[in-house]
Structures are given as C-alpha cells and as structure tokens.
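Novice:
Residue numbers (my numbering): 665 to 845.
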C-alpha cells in the first residue's frame, strides 16, 4: 500500500506540537511537514524546524503562486503548508504528516480526500483552558481569541476519520503511530 498523507488537527493548546515531537521518536520513518507562518518565532523556535517563518508579503506570494496545499489565518497570523515537499515525499512513498488547524484540514480534505484525518482532542474543555493559559506566551486578548476558536474546533471533531484524546502524550502518540502504520 502506498504512503498516505495523514492530517493531524485539533484546537490550539491541545498539544499537537508536543504529540508530534513524541511521534518522531516512535515513528522516525514518518516525514512531518513544516508549515510556513507569518507569526514571530516563540523563544527557542528555529526557522525551518518548528515553522518556516516568512513575511506577510512572502506568504501572499506563495498564495498567488499556488505553492500552498492549504492556508488559513489564525489569531491574526497566516499559516500554510508548502505543497511541493508534501507531494515529493508522498511520491517517494514516505508516510507524511501535516499538523494543521481546522480550516487547513478542511481545505486538504477537498483537494486530497484520500488522506487520513485525525482530530486531537483534550481530555476536557477545562483542561484545554488550563493548557492555553499556562503557556504564558500570548497576551490575554490572543488567549481569548484562541479559546473562542477552540470552541468551534472542538465542535468539528466529527468531521475527522479518527479522534485521539490527548490525556497522556505518550499514549496519544502511540495511537497516532498505529494509525500511520
């Protein structure tokens, strides 16, 4: 069976990035796409590792050139998946993972309906609020925007092929690794 694209999504603060780091240990054969974003790096983030940090003008040019598989605006910043590296890895039969937001996942579903869609859910809405407020990396206004968006995202879980609850990162990463094969 040829390699398949897997799309991992869920609300902000649910632990997608933490799960992906654990997944890299469990399934090093899986290639994880690096999204482009217009947001500024957080402390410790490096260009090309967590994200490809680009200017708004560069991002807009990527849209014009149809160089993005999906893109969305979230909390005042743009995020998108460069198309070429994803297609290159799939053509080389390498299992490929996208960690993206809900709107991007919907766009990928329209263009690549054979992909596998996995929703990462928090153990409870209260735990999600705790995780978001515990970050300390955003203003109160940005946190409120993320919480409002999280309510919408949680309601979309039924759109996904699989729902994995992130109560313990190691357990959730094992579940996703099993889906990836």
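For glycine and all other residues, C-beta sits at the position ideal for the given N, C-alpha and C.
Under a Cβ-count criterion, where at least 16 other Cβ atoms within 10 Å of its own Cβ denotes burial, should residue 704 be classed as buried or exposed?
Specialist: To locate residue 704, count along the chain shown from 1; it is residue 40. Exposed: under 16 other Cβ atoms inside 10 Å.
Novice: How many Å lie between residue 675 and residue 667 at the Cα?
Specialist: Taking the first residue of the chain shown as 1, we reach residue 675 at position 11. Taking the first residue of the chain shown as 1, we reach residue 667 at position 3. Those two C-alpha atoms are separated by around 26 Å.
Novice: My output table needs one value for residue 823: the three-state DSSP class, helix, strand or coil.
Specialist: As a first step, residue 823 must be located in the chain shown, where it is residue number 159. Residue 823 falls in the helix class under three-state DSSP.
Novice: Hey, out of 746, 774 and 778, whose CA is closest to residue 763's CA?
Specialist: As a first step, residue 763 must be located in the chain shown, where it is residue number 99. Cα-wise, what sits closest to residue 763 is 746.
Novice: Inspect the beta-carbon positions of residue 679 and residue 784 and report whether they are closer than 8 Å.
Specialist: Position 15 of the chain shown holds residue 679. Position 120 of the chain shown holds residue 784. In this structure, residue 784 lies closer than 8 Å to residue 679 by Cβ.
Novice: Please return the same chain residues whose Cβ sits closer than 8 Å to the Cβ of residue 750, not counting the five positions on each side in sequence.
Specialist: What you label residue 750 is simply residue 86 of the chain shown in a count that begins at 1. These residues qualify, in order along the chain: 669, 697, 733, 760 and 762.
Novice: Residue 716 bridges to which residues according to DSSP?
Specialist: Along the chain shown, read from residue 1 onward, the residue named residue 716 stands at position 52. DSSP output for residue 716 lists 700 as bridge partner(s).
Novice: Identify every run of the alpha helix (DSSP H) within the segment 720 to 802, keeping only runs that are complete inside it and at least 4 residues long; order them along the chain.
Specialist: Counting whole runs of 4 or more residues, the segment 720 to 802 contains the alpha helix (DSSP H) stretches 720 to 728, 747 to 755, 766 to 775 and 789 to 798.
Novice: Expressed to the nearest angstrom, what Euclidean distance is found between the alpha-carbon atoms of residue 796 and residue 813?
Specialist: For this step, residue 796 is matched to residue 132 along the chain shown. For this step, residue 813 is matched to residue 149 along the chain shown. The straight-line gap from Cα to Cα measures roughly 12 Å.
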